[in-house]
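**Student:** Encoded as C-alpha cells, here's the structure I'll be asking about.
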Amino acid sequence: MDQIVINTGDTAWVLVSSALVLLMTPGLAFFYGGMVRAKSALNMMMMSMVTIGIVSVLWVIYGFKLAFGYEANSPWYGSISLSGLGDAVNALANNGGEYPIPLLAFATFQLMFAIITPALISGAIADRARFVAWGIFVAIWVTLVYFPVAHWVFAFGNKVGDTITGAGFLAARGVEDFAGGTAVHINAGAAGLALAIVLGKRIGWQRSPMRPHSLPLVLLGASLLWFGWFGFNAGSALGANAIAGLALLNTQVAAGAALLGWILVEKIRDGHPTTLGAASGVVAGLVAITPACAFVAPWAAVVIGLIAGGFCALAVGLKYRFGFDDSLDVVGVHFVGGVIGCLSIGFFGSSAVNSLGLDGIFYGGGLALLGKQALGVVLVTFYSFFLTLLIGFAIEKTIGFRVKNDAELVGVDQTEHAESAYEMGGILKGGR
Amino acid sequence: MDQIVINTGDTAWVLVSSALVLLMTPGLAFFYGGMVRAKSALNMMMMSMVTIGIVSVLWVIYGFKLAFGYEANSPWYGSISLSGLGDAVNALANNGGEYPIPLLAFATFQLMFAIITPALISGAIADRARFVAWGIFVAIWVTLVYFPVAHWVFAFGNKVGDTITGAGFLAARGVEDFAGGTAVHINAGAAGLALAIVLGKRIGWQRSPMRPHSLPLVLLGASLLWFGWFGFNAGSALGANAIAGLALLNTQVAAGAALLGWILVEKIRDGHPTTLGAASGVVAGLVAITPACAFVAPWAAVVIGLIAGGFCALAVGLKYRFGFDDSLDVVGVHFVGGVIGCLSIGFFGSSAVNSLGLDGIFYGGGLALLGKQALGVVLVTFYSFFLTLLIGFAIEKTIGFRVKNDAELVGVDQTEHAESAYEMGGILKGGR
Amino acid sequence: MDQIVINTGDTAWVLVSSALVLLMTPGLAFFYGGMVRAKSALNMMMMSMVTIGIVSVLWVIYGFKLAFGYEANSPWYGSISLSGLGDAVNALANNGGEYPIPLLAFATFQLMFAIITPALISGAIADRARFVAWGIFVAIWVTLVYFPVAHWVFAFGNKVGDTITGAGFLAARGVEDFAGGTAVHINAGAAGLALAIVLGKRIGWQRSPMRPHSLPLVLLGASLLWFGWFGFNAGSALGANAIAGLALLNTQVAAGAALLGWILVEKIRDGHPTTLGAASGVVAGLVAITPACAFVAPWAAVVIGLIAGGFCALAVGLKYRFGFDDSLDVVGVHFVGGVIGCLSIGFFGSSAVNSLGLDGIFYGGGLALLGKQALGVVLVTFYSFFLTLLIGFAIEKTIGFRVKNDAELVGVDQTEHAESAYEMGGILKGGR
Amino acid sequence: MKLITAIIKPGKLDDVKAALREAGVTGMTVSEVSGVGRQGGHVEVYRGSEYPIDLLQKVRIEILAKKENVDALVEVIVKSASTGSIGDGKIWVTPVEQVVRVRTGENGENAI
Amino acid sequence: MKLITAIIKPGKLDDVKAALREAGVTGMTVSEVSGVGRQGGHVEVYRGSEYPIDLLQKVRIEILAKKENVDALVEVIVKSASTGSIGDGKIWVTPVEQVVRVRTGENGENAI
Amino acid sequence: MKLITAIIKPGKLDDVKAALREAGVTGMTVSEVSGVGRQGGHVEVYRGSEYPIDLLQKVRIEILAKKENVDALVEVIVKSASTGSIGDGKIWVTPVEQVVRVRTGENGENAI
Ligand SMILES: Nc1ncnc2c1ncn2[C@@H]1O[C@H](COP(=O)(O)OP(=O)(O)O)[C@@H](O)[C@H]1O
Ligand SMILES: Nc1ncnc2c1ncn2[C@@H]1O[C@H](COP(=O)(O)OP(=O)(O)O)[C@@H](O)[C@H]1O
Ligand SMILES: Nc1ncnc2c1ncn2[C@@H]1O[C@H](COP(=O)(O)OP(=O)(O)O)[C@@H](O)[C@H]1O
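Protein chains in written order, with my numbering: chain W, 44 to 475; chain P, 44 to 475; chain F, 44 to 475; chain B, 781 to 892; chain V, 781 to 892; chain G, 781 to 892.
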C-alpha cells in the first residue's frame, strides 16, 4: 500500500455517511416496531438494537478482516485472522482503487452495512422469536453469511501495480452493485424467507387482525431510513465527488417515485392510498435504487422507483398465497426490491453517466450486463437462503428459536423483556 | 461554462446539506401531524409525504430547468424544457458564481427546497382536504408558483466573462434572501392563506377544542426541522466556508432566542410557558433568520430571533380576529416570520460580516436595502396569494378540494386513507 | 493569529458535527421524556429545550469568551468581556494548534457542548422542578460552572511562536479528555447529585411505581444521542482526519459493547434483558468513550464499553441505598460512566494510535497518566458538586425550586405548562 | 335512587353535558366504550389486507338520580343526543340501593 | 329486561362476539377494564427496579337482553369465553327497569 | 349478591386495593373513567387558545360481594379513598341476580 495523502473532503463525507448509516438501524427498529402490535413492539426494536451491539464487537475482533482482508487471496472470503484495527490507524484503504480516506473511516462505514443487514431479517419473525436465540443467530449469521457475501460483492482487492489480490467473486466479475442490492437486500430477503419458514406462522395469522400499532412510528422509521440511505448510497462513492452527487439525486427521486408507485397501486386496487403504503413504497424504492444508484441516469431512477413501488405493493400479498408468515414483508420489499434493482442495471446501466459502469440493454450494451447481474442475484439468493435455513433449524432444534404459545399470546415484550412499551397517562398500571 | 475542479470539502457539505433538508419535510410532517387531532394525523403527514414524491419526479422532468435554466434569459422563469439531468453529471453548476461542486449535488439540494415549500402550505388546511385534490394542487402549484419564484430569487444566472444571462428578477436587483425567506416562507404563507380561504373553516372551529394530539411528536418535528435547517441555511453557502459558519451560528442562536421570545410572551400573557409555544418559537426563529442568516452579525440574529418569537406568538391569534381557519398557523408563523426576516436585513444587514451583502439602516446604509427587501416581500406575496387562490378555486369547483362533512367528523384518516394512526395496546380494535 | 487558509473538508466536518451535537439535546429530551410518567413528560422535555435557548443567547453575549478567550491569560477562566462573535467572521480559530476552520464554526460547535451539559442535569430532578427556577438555574450554572470548566479542559490557549497564553488548567497539564468526559459528563453528574439533594425525593419515591411512559420515545432519544455523538466525539478532532476516523469507530463499538454489557448484567441479575437497559447501556458506553475515543485502540474501546455498560447497570441501584432521588440516574450513568472513561485512558491510552496521547499502564506508560486523569476527575467533581449545591440552595431559599405537592401529584405538565402530552384519539378530553 | 346509563355518540357528549347541566344535573361519570349494533363499522386496509373494524367509538354516561327525576332526565338525554341516524345509542335505568359520598361518608339521596 | 355484564379475557373477544351473533344478539357495548383476581399478575423491571403489575387486561361486555334469553346467553358466553385457565372472568346479571333507544325514543324491549 | 361500584381518585387506587385485600376481597374489576362534579376542572392553553378540561380522571372499581359484606366493604372504601377534598368520589350499590364464573360455569356466591 502506498501512503496516500488523506483528502479531508472525501473523509468528511465518509465520516458523515457512517453516522447516517448507523442511524438507519434504529430507523429500521421504528419502521418495524410501529408495524407490530403494541404488545411486541419493544421486542421488535430490541432485535435491531442488539444486532448493533453484537456485530460491532465481532467486527473489531475478526469481521472486518473476514470481509475485506485480501491476504488469503480468496474470491469467497477475506482473511481469517484478527481484524487488528487498532494497529492501522494511519494506514489507508486500498480496496482496488485509491481512496484517500483513513482506513478506520472505511472500516466504520462498512461496519454499519454489516449491522443493518441482519437487522433487516428480523421483520420476518415478528412477535414470536426468543431474544437469546436471535442474538445467537445474528452472531452466526454475520460470520457465515454476511461477512463472506460482503467479500464477494464489496471487496475489490489489493492492487499492487497491475495485480489485484483478494478481490471478491462478484466484484472481480464486474457484477454491478453499487451499495448492496445483493449483499444487503437480497441477502436479508432470502434469509428472512428461510427464518419465516423455520419459525412458522404466528397464532391467529390470517384470521386475527394484526394491525400496526403506531403509523407515526412507522413513518418516523421510514424517514430516518430515507435520510440515512443518502449515506448508504451516496456514501458508497467513498468520496465527495460527481458520482456521489449522481447517487444522491437518484436515491431521492427513486424513493419519491416508489412512494407514488405504491400508493397508486393501492388507490386503484383498494380505493385508498395509505400511510403504510407510502412508507413501504419509500423503502421499496430505496432498496431498488441501492445497487443502481451510481450506474443509471436520474430519469431511469424515476422509472426504477415507480416499478419497484408498484411491484412490491403487489408482491407483499404473495405470502398469503404461499402460506409463509413473513410478518413485515422482508421478502416482498427487500428481496423483490433488491432483485428489481439489480436486474434494472442490466437495462438502464449507462456508461455515459458513470464511466466505470457498462451499458445496459437500453443503451445498446446487449444482454451481457444483465447476465452478470442475474448471476449475482442467483448466487446470493441460494447461498443465503439455504445457509440461513440450516442455521435457523440448528438453533430451533437445540435451544429453540420460537417462544411458547402463552408468551406469544400475552406478548413477547412482557415475557422476553419484562416491560411494556407504553404507559399512557395510565392510571391503571402505575402511571399515576 | 468552464470546467472547474470539484472541491471535495464544498461538495461534502452540499451533499450533507441535501440530506439534512430532505429530513425537514418528514420533520414538518411530524410537527404538523402532532398538532392535529389523532383522527386526522395520518392525513396531515401524508400531505407532506406525497409532496416529496410528486415534486421529486417533476423536478427531474422539467422542474430544475424551469427554476434554474438560463437559456431563455428571462427574469421570470428558467427554461421551458426537459431538465436533462442525466446528461450533465460531470458538468458544474455556475449560477452566477463558480461553485466547485457537482451539478447534481446542486440540483438535489435545490430539489429539497422545492419539496418543503408546498408541504408547508398543508398546515393551513388540516383535517379537511381531499388527498387526491391535494396531490393535484401540489403538481400545479410548484409548476406555476414555486419554480418561477425560485428563479426570481435563487437563479443568479450564467456568467460568461462579464455577461450574466438568465438571472432572476429579484436576484438581479440585489434583493437579499440567503436561503429563502421570500421564495419559501412568504410564498408558502401567502399560499396557505389563500387555501384556508378556499377550503373554509372546519366544522366546530372556534367552538370545539381542537387540541394537539401528541406534543412529543410536535417537538420531534420541530427538532428535526431545526437540525435540517442547518443544511437549509448554512448549506445555502454552497460550500464549507466562513459564510457557512456565520449562517450556522446565526441559525442556532436565532432559533434559541425565538424559543425564549415566544414563551416569554406566553408567560406574561397566559401565565404559562408551553411546549407548543417553545416548538413554535423555534420554527418562527428559523423562518425569520432564513433570509438573513448570512448577512447579519450573531448579536443581530439574537435580536431577530427574539422579535420573531414574540411577534409570531401574538400573530397566531389574528386568525380568530379575521375569521379564517389557517389551522396550524402557516400565516402566523411562516408568512409573518418570513416578512420579519426579510425586512430585518434592511436594518441589520452588515457588509462587515459578509462582503457580498449591503449595509442596512443600523450600519449606515440608509433605506436603500430596506426598499429592495420590501419589493421582494410584496412581489412574492401578491403573486403567490392570487395565483394560489385561482388554482385552489379551480380545483374546488372542478373535482372538489374539501371532504364531505361526514368524513370530517369521522376523521379523514379513516375516509381518505382507511387507516388509524394508533392502536395502543388496544384490546378493542384488533390490537390484541 | 496567523491567517490560515480554510480547509473545506475540515470545515465541512465541523459544520456537520455542530448540527449533530445540536440534535443531541432534543435527543436527550426524548430519552428523558420517555422515562418519566406521561403527566410530566412535557416538563421534562421543556427543561432541555429552554436550555438551548438560554445558553445560545448567553454564548453570543459573553459565554464564548468566558470559555475560550485567552486575553486574561488565566488557567481558570477565559476572558470576561463580550464575545464579539460578529466581528470575527473571517478570523481563524487558534486554540493552541492551527485548525483551518472558520472561527464561527468552532464557536458553534462548542456552543452545542455548553447546551447539552446543563440539559443533562435535568434528569436528576424529574417531575418536581419549577420551570422558571430551572431557567434561572441554567443561566447561573453555565456562567459559574460550565464556562470556566470548559476553559480548564478545552482551551488550549493562543499560540504565538512557542508561547501559549490562556491555556486551561487541565489542558495545560496534559489531562487527556478528548471530547468532554470531565467538562461535560462528570460535571453534569456531580451537579445532578447536588440538585437531587437540594430538591429532595419525589412524593411516593420507592413506594409507587414510576414507570417510563414510552419506551419507544426513550429508544428514539438514545438513537438520536448515538447519532449525534459521532459529531460530539469524532467532531472534536476539529477536522476530517485519521484521528476523527479513530474516534468514530471507537464511539460506535464502545456504545455497542456497552449495550451488550448492560443487558448481560440484567439477564444474569433480573432474568430479562430490557429495552430500557439497552438504551441506557448505549448512553453509558457513549459517555465512557467520550474522553477516551481518540486515545485508545478499538479493541480497548470494546473493553471500556463492556465495563461501562456493566458497571453503570449496577451503579443505578445505588441511589436507593444512599437515599437520594436522582430520578433518571444522571449520577449512575453520566458521573459513573464519565469517571470510568477518564480513568480508563490511564490504562488503555496508547501513543501508537494517537501520537498526541501518552501511553497508559497497559502500554508501559506507568501511573503518570492515570494520576493526571484522577486529578481532572477530582477537581471537576468537587468544583461542580459544591458550587451547584450552593446555587441550588440559593434558588430554593429565595424563589423556590420545587413545585407544591399538589402540582407534583397532578403532574407538572398541567401546573407548569397548562398542557398535556397526549390526547390519543381521545373522545373524552376534546380530541373528537 | 336510580342509575341512568346512556351510550351515545362521542360527538354528542358536549351537547348532552350542556343539556344535563341545564336540567340541574351537576355530577356524572363518563367513560369510553365501543359499541356493536345495527350501525355498520368500517374497513381499514394495511398493505392490502383488510381489517374490518366493527366496534365503534361511543361514550358511556352514568348518572345517579332520584327516582322522580329519572324520566325527565332520560327525556333530556334522548333529545340532546339524538341525530336521527343509526347508532345514536341506548339508555337504560337500573335500581340503586345505596349511594355514599366518599369525601364525607354521607349516605342516600344527599350523596348524589 | 336484564343487563348481562361479562368480564372476559381480551383474546376471547372475537370468539364471544361471534357466538353471541350466532345466538341472535345484534347489539352490545364493549369496554377495556383491568381485573384483579386469583390470576396472578406479572412483574416488570426498569433499570433493576421491580414493578409488580397486578392489574390484568380484561374486556367488559354489556348486553341488554330480554329476561327469557338471559340464561341461554350466559351459557353462550361461558362456552365461548372459557379457556379453562384461571382468570377467564365473571358474568353477572342485573335488573333493568327501562331501556330507551336514543334515535327514536322507543321504549322497552323494542329498544334493545 | 350485590355489586359495589366506587368512583375514586386515581391516586387512591393503591390504598383502596390494599384496604380491600385486607378486608378479604380477592377480586375486583377496575377501569378508567372521567368525572364531572363539583370539583372544578382545569384550563389548558395551546398557542394562546384556552381549552377548558372539565372531565377529571377517576378510577372506577367494581366489586361483586355477598349481601352481608356490603356495608363493611363500603365503609372500607370510604375510609381508604377519602382525602377530605372535593372530588373524592361516589360509591353505589346495585342488586345482582346472578353471578357465573366463566372458567368453571359455577353459579351464585361461589362464583364471586
Ligand atoms: N343489546 C344491547 N346491549 C348493550 N348495548 C347495546 C345493545 N344494542 C345496542 N347497544 C349499544 O347502542 C349502540 C347503538 O346501537 P345501534 O344498534 O348501532 O343503533 P340504534 O340504537 O340507533 O338502532 C351500540 O353501538 C351499542 O353500544
Ligand atoms: N369479586 C369480584 N368483583 C368484580 N370482579 C371480579 C371479582 N372477582 C373477579 N373479578 C373479575 O374477574 C376476573 C377473573 O377473576 P379470577 O379470580 O382471576 O379468575 P377466575 O374467575 O377464573 O377464578 C378478574 O380479573 C376480575 O376482572
Ligand atoms: N350524580 C352522579 N352520578 C354519577 N357520578 C357522579 C355523580 N356525581 C358525582 N359523580 C362522580 O363522583 C365524582 C366526584 O364528585 P364531586 O361532586 O366532584 O365531588 P364530591 O363527591 O366530593 O362532592 C365525579 O367526578 C363523578 O365521577
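Ideal placement from N, C-alpha and C gives every residue a C-beta, glycine not left out.
Just so we're clear, the structure is a prediction, and the values are computed from it rather than from any experiment.
(1) Which bits of chain G does alanine 461(F) rub up against, with CB to CB less than 7 Å?
(2) Write down every uninterrupted run of the alpha helix (DSSP H) in the stretch 107 to 131 of chain F whose length is 4 residues or greater and which is fully enclosed by it, in chain order.
(3) Going by DSSP, name the residue or residues bridged to glutamate 824(G).
(4) Given that a residue counts as buried once 16 or more other Cβ atoms are within 10 Å of its Cβ, and exposed if not, what is valine 825(V)?
(5) Would you mind giving the Cβ-Cβ distance between aspartate 368(F) and tryptophan 184(F), rounded to the nearest angstrom? I have them listed as a contact below 8 Å.
(6) For proline 790(G), return the contacting residues in chain V, with the cut-off set at a CB-CB distance below 7 Å.
(7) Look at the alpha carbon of alanine 437(W) and the alpha carbon of glutamate 451(P), and state the distance between them as a whole number of angstroms.
(8) For glutamine 878(G), verify whether its CB is less than 6 Å away from any heavy atom of ligand 2.
(9) What is the DSSP secondary structure of methionine 781(G), counted as helix, strand or coil?
(10) Can you give me the Cβ contacts of glycine 328(W) inside the same chain, cut-off strictly under 7 Å, excluding the 5 residues immediately before and after it?
(11) When every heavy atom of ligand 5 is checked, does at least one fall within less than 6 Å of the C-beta of glutamine 837(B)?
(12) Which of helix, strand or coil does DSSP assign to asparagine 33(F)?
(13) Pull up the distance between the alpha-carbon of phenylalanine 11(F) and that of tyrosine 75(W), whole angstroms please.
(14) My assumption, with CB atoms under 8 Å, is that glycine 384(P) sits in contact with glycine 224(P). Please give the rounded CB distance.
(15) Which residue from Gly112(F), Val103(F), Gly454(F), Met89(F) puts its Cα closest to that of isoleucine 207(F)?
(16) Taking the straight line between their C-alpha atoms, what separation do you get for glycine 314(P) and leucine 401(F)?
(17) What are the boundary residues of the alpha helix (DSSP H) that includes lysine 244(F)?
(18) In this structure, does DSSP put asparagine 201(F) in helix, strand or coil?
(19) Would you tell me roughly how many angstroms separate the C-alpha atoms of leucine 263(P) and phenylalanine 73(P), rounded to the nearest one?
(20) What are the uninterrupted segments assigned as alpha helix (DSSP H) that are 4 or more residues long and contained completely in the stretch 155 to 222 of chain F, given in chain order?
(21) Cβ-heavy atom distance between glutamine 819(B) and ligand 3 below 6 Å?
(22) Per DSSP, methionine 808(V) is paired with what?
(23) Can you name the residues that DSSP bridges to isoleucine 871(G)?
(24) If you measure from the CB of threonine 809(V), is any heavy atom of ligand 1 nearer than 6 Å?
(25) Below 8 Å between beta carbons is the criterion; list the residues of the stretch 46 to 72 of chain W that meet it against any residue of chain P, in chain order.
(26) What whole-angstrom Cβ distance do glutamate 877(B) and threonine 874(G) have, given they're in contact under 8 Å?
(27) Leaving out five residues before and five after histidine 228(P) in sequence, what residues of the same chain have Cβ atoms less than 6 Å from its Cβ?
(28) Using a Cβ-based criterion (distance less than 6 Å to any ligand heavy atom), does isoleucine 843(G) qualify as near ligand 2?
(29) DSSP on glycine 865(G), reduced to helix/strand/coil?
(30) Show which residues of chain G have a CB atom less than 8 Å away from the CB atom of alanine 783(B).
(31) Just list the residues that DSSP pairs lysine 838(G) with in beta bridges.
(32) What is the C-beta distance between phenylalanine 221(W) and alanine 110(W), in whole angstroms, given that I count them as a contact (C-beta under 8 Å)?
(33) Give the residues from the stretch 248 to 259 of chain W that approach chain F closer than 9 Å (Cβ to any Cβ), ordered along the chain.
(34) In the DSSP output, which residue or residues are listed as bridge partners for leucine 844(V)?
(35) Using the beta-carbon of each residue, which ones in chain B are nearer than 8 Å to aspartate 868(G)?
**Tutor:** Checking against the coordinates, here is how it stands:
(1) Looking up residue 461(F) in the third sequence gives position 418. Residues of chain G passing the Cβ test: Val823, Glu824, Val825.
(2) 107 to 111
(3) Residue 824(G) sits at position 44 when you count from the first residue of the sixth sequence. Paired residues: Tyr831(G).
(4) Residue numbering aside, residue 825(V) sits at position 45 when the fifth sequence is read from its first letter. Valine 825(V) should be labelled buried.
(5) As a position in the third sequence, residue 368(F) is number 325, starting the count at 1. As a position in the third sequence, residue 184(F) is number 141, starting the count at 1. Actually they are not in contact, since the Cβ atoms of aspartate 368(F) and tryptophan 184(F) sit about 20 Å apart, beyond 8 Å.
(6) The residue you call residue 790(G) lines up with position 10 of the sixth sequence. Those within 7 Å of proline 790(G) in chain V number zero; the least Cβ separation is about 13 Å.
(7) Position 394 of the first sequence, counting from 1, holds the residue named residue 437(W). Position 408 of the second sequence, counting from 1, holds the residue named residue 451(P). When rounded, the distance between both Cα atoms is 54 Å.
(8) For the purposes of this step, residue 878(G) is taken as residue 98 along the sixth sequence, with counting starting at 1. Outside the cutoff, so no.
(9) As a working note, residue 781(G) is residue 1 in the sixth sequence. Methionine 781(G) falls in the coil class under three-state DSSP.
(10) For the purposes of this step, residue 328(W) is taken as residue 285 along the first sequence, with counting starting at 1. Excluding residues within five positions, the ones whose Cβ falls inside 7 Å are Ala297, Ala298, Ala300, Ala301, Leu302, Gly348, Ala351, Gly352.
(11) The ligand content of the structure shown is limited to ligand 1, ligand 2 and ligand 3, which means ligand 5 is not among them.
(12) Outside the displayed span of chain F (44 to 475) sits residue 33(F), for which this structure offers no information.
(13) Within the shown structure, residues of chain F are numbered from 44 to 475, placing residue 11(F) beyond reach of any answer.
(14) Numbered from its first residue, the second sequence carries residue 384(P) at position 341. Numbered from its first residue, the second sequence carries residue 224(P) at position 181. Indeed they touch by this definition, with Cβ atoms about 5 Å apart.
(15) Taking the third sequence and counting its residues from 1, one reaches residue 207(F) at position 164. Per the Cα distances, Gly112(F).
(16) Within the second sequence, residue 314(P) is the residue found at index 271, counting from 1. Within the third sequence, residue 401(F) is the residue found at index 358, counting from 1. Straight-line Cα distance between these residues: approximately 55 Å.
(17) What you label residue 244(F) is simply residue 201 of the third sequence in a count that begins at 1. It is not in any alpha helix (DSSP H) - lysine 244(F) carries neither H nor E in the DSSP assignment.
(18) Counting from 1 along the third sequence, the entry for residue 201(F) is found at position 158. Note: asparagine 201(F) maps to strand in three-state DSSP.
(19) Residue numbering aside, residue 263(P) sits at position 220 when the second sequence is read from its first letter. Residue numbering aside, residue 73(P) sits at position 30 when the second sequence is read from its first letter. The alpha-carbon atoms of leucine 263(P) and phenylalanine 73(P) are separated by roughly 7 Å.
(20) 174 to 184, 190 to 197, 212 to 215
(21) To locate residue 819(B), count along the fourth sequence from 1; it is residue 39. Answer for glutamine 819(B): no, Cβ out of range of ligand 3.
(22) Residue mapping note: residue 808(V) aligns to position 28 of the fifth sequence, counting from 1. Methionine 808(V) is bridged to Val816(B).
(23) As a working note, residue 871(G) is residue 91 in the sixth sequence. Answer is Val880(B), Ala786(G), bridged to isoleucine 871(G).
(24) Taking the first residue of the fifth sequence as position 1, residue 809(V) is located at position 29. Yes, the beta carbon of threonine 809(V) sits closer than 6 Å to at least one heavy atom of ligand 1.
(25) Asn50, Thr51, Gly52, Asp53, Ala55, Trp56, Val59, Leu63
(26) Counting from one through the fourth sequence, the residue named residue 877(B) turns up at place 97. Counting from one through the sixth sequence, the residue named residue 874(G) turns up at place 94. So it is a contact: roughly 7 Å between Cβ atoms.
(27) Your numbering for residue 228(P) matches position 185 in the second sequence. Contacts found: Val330, His377, Gly381.
(28) In the sixth sequence, counting from the first residue as 1, residue 843(G) sits at position 63. Within the cutoff, so yes.
(29) By 1-based counting over the sixth sequence, the position of residue 865(G) is 85. In the sequence as displayed, the identity of residue 865(G) is serine instead of glycine. It is coil, neither helix nor strand.
(30) Here residue 783(B) is taken as the residue at index 3 of the fourth sequence, counted from 1. The sequence shown places leucine at residue 783(B), rather than the alanine named in the question. Under the 8 Å cutoff, chain G gives Trp872, Thr874.
(31) Here residue 838(G) refers to the residue found at position 58 when the sixth sequence is read from its first residue. Paired residues: Val813(G).
(32) Along the first sequence, read from residue 1 onward, the residue named residue 221(W) stands at position 178. Along the first sequence, read from residue 1 onward, the residue named residue 110(W) stands at position 67. Their Cβ separation, rounded to whole angstroms, is 17 Å, which puts phenylalanine 221(W) and alanine 110(W) out of contact at 8 Å.
(33) Ser257
(34) Reading the fifth sequence from its first residue, position 64 is the one you call residue 844(V). Per DSSP, Leu783(V).
(35) Working through the sixth sequence from its first residue, we reach residue 868(G) at position 88. Within chain B, the residues near aspartate 868(G) are Arg881, Val882, Arg883.
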